[in-house]
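Per numbering that gives the first Met the number 0: the sequence shown = residues 0 to 158.
Heads up, the beta-carbon is just placed ideally off N, CA and C, and yes, glycines get one too.
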Amino acid sequence: MQIAMNTVVTMSYELRNSEGDVLESSQEPVAYLHGGYDNIFPRVEEELHGKSVGDTVEITLEPADAFGDYDEELVQIEPAAAFPTKDLKVGMQFEGEDDKGDVVLYTITNIEDGKVVVDGNHPWAGERLLFKATVTAVRSASKEEVEHEHVHGAGGHHH
Numbered sequence: 000m001q002i003a004m005n006t007v008v009t010m011s012y013e014l015r016n017s018e019g020d021v022l023e024s025s026q027e028p029v030a031y032l033h034g035g036y037d038n039i040f041p042r043v044e045e046e047l048h049g050k051s052v053g054d055t056v057e058i059t060l061e062p063a064d065a066f067g068d069y070d071e072e073l074v075q076i077e078p079a080a081a082f083p084t085k086d087l088k089v090g091m092q093f094e095g096e097d098d099k100g101d102v103v104l105y106t107i108t109n110i111e112d113g114k115v116v117v118d119g120n121h122p123w124a125g126e127r128l129l130f131k132a133t134v135t136a137v138r139s140a141s142k143e144e145v146e147h148e149h150v151h152g153a154g155g156h157h158h
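Structure representation (structure tokens):
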């Protein structure tokens, strides 16, 4: 079966930065619903379209195709007293809102002199990435999966 609209694609993958360092790889195959449901990067979905079990894709993703450009406006300095806990550490993450009211995941990148630097950019924002994947299974999506716009069961979402 070929990958097409409303198929469930299972694959193993590896994501590397431009220096060749592995950023992420699947320990177990992962599944997504194919067909423009924003369950995977659109450029990757385009590349996988029409492929079958055993096929591989290798694609370079520019920042705009992956985690976006680095946005300096998402870096803020806040007083430590503004945080609900006094036990702050670099690397801690928390949710906040941006200027538009959208939820953003912020990471503490520095703490000094009672000030906390938080960064709302994805850690790989601004990076050119290499995505490599091998298709391990393709099946038709169930009616429920299409209605919910994601995969259910093994490798997918559980309600």
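Original post:
If VAL134 and SER51 are in contact, beta carbons under 8 angstroms, what's the gap, nearest whole angstrom?
Top reply: Taking the sequence shown and counting its residues from 1, one reaches residue 134 at position 135. Taking the sequence shown and counting its residues from 1, one reaches residue 51 at position 52. VAL134 to SER51, Cβ: 7 angstroms. Contact.
**OP:** Taking only beta-carbon positions, decide if GLY53 is within less than 8 angstroms of chain C.
**Re:** Among the chains of the structure shown, chain C does not appear; only one protein chain is present.
Original post:
In chain order, what residues of the same chain lie with their CB nearer than 8 angstroms to the CB of LEU87, ignoring the 5 residues before and after it?
Top reply: Within the sequence shown, residue 87 is the residue found at index 88, counting from 1. Hits under 8 angstroms: ALA79, ILE107, ILE110, VAL115.
**OP:** Take the Cβ of ASP68 as the centre, count every other Cβ of all protein chains shown within 10 Å, and call the residue buried at 16 or more, exposed below.
**Re:** Taking the first residue of the sequence shown as position 1, residue 68 is located at position 69. Around the Cβ of ASP68, a 10 Å sphere holds fewer than 16 other Cβ atoms; the residue is exposed.
Original post:
Exposed or buried, which one is HIS157 when buried takes at least 16 other CB atoms within 10 Å?
Top reply: In the sequence shown, counting from the first residue as 1, residue 157 sits at position 158. Below a pLDDT of 50, predicted positions are generally treated as unreliable, and HIS157, at 46, falls in that range; no measurement from the model is reported.
Original post:
In or out: LEU22 buried (at least 16 other Cβ within 10 Å) or exposed?
Top reply: Mapped onto the sequence shown, residue 22 falls at position 23. Exposed is the call here.
Subject >> Distance CB(VAL7)-CB(ARG138) smaller than 8 angstroms >> reply: Along the sequence shown, one-based indexing puts residue 7 at 8. Along the sequence shown, one-based indexing puts residue 138 at 139. Yes, these two residues count as a Cβ contact at 8 angstroms.
Original post:
Hey, VAL144 and LEU32: beta-carbon distance below 8 angstroms or not?
Top reply: The residue labelled residue 144 in the question sits at position 145 within the sequence shown. The residue labelled residue 32 in the question sits at position 33 within the sequence shown. Here the sequence assigns Glu to residue 144, which means Val is not the residue at that position. Yes, the pair counts as a contact, with Cβ atoms nearer than the cut-off.
**OP:** For my contact list, LEU60 and ARG42 are in at a C-beta cut-off of 8 angstroms; report their separation, rounded to the angstrom.
**Re:** Here residue 60 refers to the residue found at position 61 when the sequence shown is read from its first residue. Here residue 42 refers to the residue found at position 43 when the sequence shown is read from its first residue. Sure, about 6 angstroms apart at Cβ, within 8 angstroms.
Subject >> Contiguous alpha helix (DSSP H) assignments of at least 4 residues, all confined to the stretch 16-47 >> reply: 41-47
**OP:** Alpha carbon to alpha carbon, how far is GLY100 from THR55? Give it in angstroms, no decimals.
**Re:** The sequence position of residue 55 within the sequence shown is 56, counting from 1. The sequence position of residue 100 within the sequence shown is 101, counting from 1. Whole-angstrom Cα-Cα distance: 39 angstroms.
Original post:
Does the beta-carbon distance from TYR36 to SER25 come in below 8 angstroms?
Top reply: Position 37 of the sequence shown, counting from 1, holds the residue named residue 36. Position 26 of the sequence shown, counting from 1, holds the residue named residue 25. Contact flag unset, no.
**OP:** State the CB to CB distance for the pair GLY34 and MET10, rounded to an integer number of angstroms; the pair is presumed to be in contact (CB under 8 angstroms).
**Re:** Position 35 of the sequence shown, counted from the first residue, corresponds to residue 34. Position 11 of the sequence shown, counted from the first residue, corresponds to residue 10. That pair is no contact at about 15 angstroms.
Original post:
In whole angstroms, what is the alpha-carbon distance linking TYR105 and HIS147?
Top reply: What you label residue 105 is simply residue 106 of the sequence shown in a count that begins at 1. What you label residue 147 is simply residue 148 of the sequence shown in a count that begins at 1. Distance from the CA atom of TYR105 to the CA atom of HIS147, rounded to whole angstroms, is 28 angstroms.
Original post:
THR84 to ALA136, Cα distance in whole Å?
Top reply: The residue labelled residue 84 in the question sits at position 85 within the sequence shown. The residue labelled residue 136 in the question sits at position 137 within the sequence shown. About 46 angstroms.
Original post:
Are PRO62 and ALA124 touching if we call contact CB-CB under 8 angstroms?
Top reply: Within the sequence shown, residue 62 is the residue found at index 63, counting from 1. Within the sequence shown, residue 124 is the residue found at index 125, counting from 1. Yes; because the gap between Cβ atoms is below 8 angstroms, this pair is in contact.
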